[in-house]
Amino acid sequence: MRSDATKQARNRSVKSTLKTVERRLDNAIKEGNKETTQAALNAASSAFDKAAKLRVIHSAKADRKKSRLASRANAAG
């Protein structure tokens, strides 16, 4: 029971971080600043890889999200 609560807290924290980095990337794309967009994309890719490594999300989902975020960033820039 205790380990479930610990895992749930970690998963919630990591998923919240993923949403935050995705939101930051969207804001950077809207601003149109190429350097900020690239930095946000790198941070998002790293965060999704770390979440997949911790098995908070499936590795295929991480790859899919990274691909779609990169497509959006490249289309904007």
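Sequential numbering of the sequence shown, starting at 1247, is according to our numbering. The C-beta atom is built at its ideal place from N, Cα and C for all residues, glycine as well.
For residue 1322, which residues of its own chain have a beta-carbon under 6 Å away from its beta-carbon, when the five flanking residues on both sides are left out?
Same-chain partners within the cutoff: 1275.
Helix, strand or coil: which one does DSSP assign to residue 1300?
Correct three-state label for residue 1300: coil.
Closer than 7 Å to a non-hydrogen atom of the ligand GTP - does that hold for the CB of residue 1281?
Ligands in the displayed structure: none, and consequently the ligand GTP is not present.
Here's the rule: buried if 16 or more other CB atoms are within 10 angstroms of the residue's CB, otherwise exposed. What is residue 1311?
Its Cβ being crowded by 16 or more others within 10 Å, residue 1311 is buried.
Whose C-beta lies closer than 6 Å to the C-beta of residue 1305 among residues of the same chain, with five residues either side of it excluded?
Correct list, in chain order: 1298.
Could you tell me the boundaries of the alpha helix (DSSP H) in which residue 1257 lies?
Counting along the chain, the alpha helix (DSSP H) containing residue 1257 begins and ends at 1248 to 1277.
Would you report the Cα separation of residue 1292 and residue 1250, rounded to the nearest angstrom?
Using only the alpha carbons, I get a separation of about 26 Å.
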